[in-house]
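Colleague: Using the numbering used here, the letters of the sequence shown correspond one by one to residues 272 to 754.
A virtual CB, placed ideally from N, CA and C, is assigned to each residue, including glycine.
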Amino acid sequence: MAALTARILDVEISVLNVVPPGAQSPSATIQVDRDGATVERRLGPGVRTLAEVPLVSSRGAAFGVLGVRDRAARSLTADELQTLDDLGRIVADEVELQEEVRRQRAANREQTEHELQGAQDVATVAAAVRSLSGLEEPGPIRRAICDIALQLTGADSASILSVVGEDMRLFQSASAGLTWNVRDSLVSDETSPAATAYTGGKTVVLTAEESAGSVAVGDPRPLPLFTLWQPFAAGGSSTAAVLALAWRGPLIVEPPRLTDLTELIAAEATTVLERADLLVQLAGLARTDELTGLPNRRAIGEDLAREMERAKRQQTPLCVGLLDLDLFKRFNDSHGHAAGDALLTEAATAWRECLRAGTDSLGRYGGEEFLVVLPAPPDDAVATVERLRSLTPRDQTASVGIASWDGTESAMSLVARADVALYTAKARGRDRSELAATPAAEPRPEVRLVGVFQPEHRASRRDSSPSRGTVPPVDDAPDRVGR
Numbered sequence: 272m273a274a275l276t277a278r279i280l281d282v283e284i285s286v287l288n289v290v291p292p293g294a295q296s297p298s299a300t301i302q303v304d305r306d307g308a309t310v311e312r313r314l315g316p317g318v319r320t321l322a323e324v325p326l327v328s329s330r331g332a333a334f335g336v337l338g339v340r341d342r343a344a345r346s347l348t349a350d351e352l353q354t355l356d357d358l359g360r361i362v363a364d365e366v367e368l369q370e371e372v373r374r375q376r377a378a379n380r381e382q383t384e385h386e387l388q389g390a391q392d393v394a395t396v397a398a399a400v401r402s403l404s405g406l407e408e409p410g411p412i413r414r415a416i417c418d419i420a421l422q423l424t425g426a427d428s429a430s431i432l433s434v435v436g437e438d439m440r441l442f443q444s445a446s447a448g449l450t451w452n453v454r455d456s457l458v459s460d461e462t463s464p465a466a467t468a469y470t471g472g473k474t475v476v477l478t479a480e481e482s483a484g485s486v487a488v489g490d491p492r493p494l495p496l497f498t499l500w501q502p503f504a505a506g507g508s509s510t511a512a513v514l515a516l517a518w519r520g521p522l523i524v525e526p527p528r529l530t531d532l533t534e535l536i537a538a539e540a541t542t543v544l545e546r547a548d549l550l551v552q553l554a555g556l557a558r559t560d561e562l563t564g565l566p567n568r569r570a571i572g573e574d575l576a577r578e579m580e581r582a583k584r585q586q587t588p589l590c591v592g593l594l595d596l597d598l599f600k601r602f603n604d605s606h607g608h609a610a611g612d613a614l615l616t617e618a619a620t621a622w623r624e625c626l627r628a629g630t631d632s633l634g635r636y637g638g639e640e641f642l643v644v645l646p647a648p649p650d651d652a653v654a655t656v657e658r659l660r661s662l663t664p665r666d667q668t669a670s671v672g673i674a675s676w677d678g679t680e681s682a683m684s685l686v687a688r689a690d691v692a693l694y695t696a697k698a699r700g701r702d703r704s705e706l707a708a709t710p711a712a713e714p715r716p717e718v719r720l721v722g723v724f725q726p727e728h729r730a731s732r733r734d735s736s737p738s739r740g741t742v743p744p745v746d747d748a749p750d751r752v753g754r
């Protein structure tokens, strides 16, 4: 363009100078030296004439000049100046176009690199989260997610906040890396970055000063330079609501990619967490009586087995009680099955609230029967079941059979003795409790074995009792003598 300008205007040389915007004012300048004395120092050796026009962008900003120089001192005509001005506009348009092409190419290159990096991040996060497929409990999964977040983001600390309680409180349920005590906060707390991310469903990135309120009171450690709060889903979930990351040094991953990365981690991890939540719910349903919400027969049996192991190990007393609502069938027939279900539910609630949390266990054993496991001596167990009976709702009564474990018998035998005591209470008029006799105190009938020889040389073993006589044979002897 410089050479073309020189030919068009018939000058020895033209100059195209593109400089940063604002370096030139958008007005033409013409300098002519008639005596050849002082202008040379400004225009260069031998230059007697200089004419320049600014290069102006479409936004009105000057970003360079197009000029002509001549060794002869002369003035450019109006037509020549107009031509120079027209050429300046053409040059400005071309330069601006080329600059736009360059910017677009750079943006396309950056976008391609971003997409390639994003694809790599997706594959990396997916592979990392797939490694969690062998875990089923939410606790280990939360800790593993924290480890993955540290590895992929370069953060120094990672925590997961979960929602608990009727007041919807966010608390730190898992962590990895350097210790970072995130303070508890209510979901409704507008000053909490965790609550903001949880309720808004968007990533929150804060500086050290902005993060000050997120640290637990009394924590002496210096504040992190940056914190990031990533919700696991819009609105979050209770098992894992927010992923919190902290950096005590410069960020290793650039912020745009960092937020994309944490969103990927949260999205992939949510699937694993939802699966773990479902397994926990299914396990709970398998152990819970649908009507009363109490442990079902299987679950209360497992509780009893654990308590028997504990009592044996610690040499402590253990009792069980079988509670049965008196005349429940009559109540059902008179008031309807809905009222019967309500009676069972209300009784279960009243009795459960009377027991020691974390110590005593109550479960629905079947129908209108409930099994209570009481780590206590017999006298205390009797006092407890009497309190339970007194809380029976709707002016109904209950009978209870209580059995104290002897330290050796099976759970089935222990419950069977409580069942015998329950039927004793029923037989004695209901609305009472009965304590079963210990196995050692129960009378044992006198039994002796006698040999009886039969035709064809068949030998059988028979039990002989003074009260029952000889009982039928048990075929556990050889068919023939001597075999």
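(1) Report yes if the C-beta distance between Ala537 and Gln501 is below 7 Å; otherwise report no.
(2) Which residue wins for smallest C-alpha separation from Leu651, given the options Asp666, Arg627, Ala468 and Tyr636?
(3) What do you reckon, are the CB atoms on Ala511 and Leu544 nearer than 7 Å?
(4) How would you label Leu594, buried or exposed, when you count the other beta carbons within 10 angstroms and need 16 or more for buried?
(5) Along the chain, which unbroken stretches of the alpha helix (DSSP H) at least 4 residues long are found entirely within the segment 631-704?
(6) May I ask you to list the residues that DSSP assigns as paired with Pro411?
(7) What does DSSP give as the partner residue(s) for Pro566 in the beta ladder?
(8) The alpha helix (DSSP H) spanning Trp518 covers which residue range?
(9) Quick check: the Cα distance between Thr695 and Asp702, rounded to an integer number of angstroms?
(10) According to DSSP, which residues form a beta bridge with Phe756?
(11) I'd like the span of the beta strand (DSSP E) that includes Asp427, first residue to last.
(12) DSSP puts Pro502 in a beta bridge; with which residues?
(13) I need the straight-line Cα distance from Phe599 to Glu657, nearest angstrom please.
(14) My guess is that Leu516 and Thr395 are in contact by the Cβ rule of under 8 Å, so how many angstroms apart are they, rounded?
(15) Measure from the alpha carbon of Gly555 to the alpha carbon of each residue in Ile571, Ala613 and Leu659, then state which is nearest.
(16) Can you tell me which of Ser328, Val339 and Asp341 puts its alpha carbon nearest to the alpha carbon of Arg360?
(17) Taking the continuous beta strand (DSSP E) assigned at Asp595, which residues delimit it?
(18) Take the Cβ of Pro464 as the centre, count every other Cβ of all protein chains shown within 10 Å, and call the residue buried at 16 or more, exposed below.
(19) Nearest-angstrom Cα distance between Ala504 and Leu432?
(20) Who does Phe599 pair with in a DSSP beta bridge?
Modeller: Reading from the atomic positions:
(1) As a working note, residue 537 is residue 266 in the sequence shown. As a working note, residue 501 is residue 230 in the sequence shown. Going by C-beta atoms, Ala537 is nearer than 7 Å to Gln501.
(2) Numbered from its first residue, the sequence shown carries residue 651 at position 380. For clarity, residue 651 is Asp in the given sequence; the question names Leu instead. Per the Cα distances, Arg627.
(3) Taking the first residue of the sequence shown as 1, we reach residue 511 at position 240. Taking the first residue of the sequence shown as 1, we reach residue 544 at position 273. The answer is yes: Cβ separation under 7 Å.
(4) Mapped onto the sequence shown, residue 594 falls at position 323. Buried is the call here.
(5) 649-661 and 682-698
(6) Mapped onto the sequence shown, residue 411 falls at position 140. None; Pro411 has no bridge partner.
(7) Walking along the sequence shown from the start, residue 566 turns up at place 295. In DSSP, Pro566 forms a bridge with Thr559.
(8) Within the sequence shown, the letter at position 247 stands for residue 518. Careful: Trp518 lies outside any alpha helix (DSSP H), inside the beta strand (DSSP E) at Val513 to Trp518.
(9) Position 424 of the sequence shown, counted from the first residue, corresponds to residue 695. Position 431 of the sequence shown, counted from the first residue, corresponds to residue 702. Taking the straight line from one Cα to the other gives about 11 Å.
(10) The shown model of the chain, from 272 to 754, leaves out residue 756, and the question about it has no answer.
(11) Taking the first residue of the sequence shown as position 1, residue 427 is located at position 156. Careful: Asp427 lies outside any beta strand (DSSP E) and carries neither H nor E.
(12) In the sequence shown, the residue the question calls residue 502 occupies position 231. Bridge partners of Pro502: Val513.
(13) In the sequence shown, counting from the first residue as 1, residue 599 sits at position 328. In the sequence shown, counting from the first residue as 1, residue 657 sits at position 386. Taking the straight line joining both Cα atoms gives about 19 Å.
(14) What you label residue 516 is simply residue 245 of the sequence shown in a count that begins at 1. What you label residue 395 is simply residue 124 of the sequence shown in a count that begins at 1. Incorrect: roughly 16 Å between the Cβ atoms, too far for contact.
(15) Counting from one through the sequence shown, the residue named residue 555 turns up at place 284. When only C-alpha atoms are compared, the closest one is Ile571.
(16) On the sequence shown, residue 360 is found 89 positions in, with the first residue counted as 1. Selected option, being the one with the closest Cα: Ser328.
(17) Taking the first residue of the sequence shown as position 1, residue 595 is located at position 324. Unbroken beta strand (DSSP E) run through Asp595: Cys590 to Leu596.
(18) Stepping through the sequence shown from its first residue, residue 464 is reached at position 193. Flag for Pro464 reads buried.
(19) Here residue 504 corresponds to residue number 233 of the sequence shown, with the count starting at 1. Here residue 432 corresponds to residue number 161 of the sequence shown, with the count starting at 1. Each residue's alpha carbon lies about 13 Å from the other.
(20) Against the sequence shown, residue 599 aligns to sequence position 328. None, per the DSSP bridge assignment.
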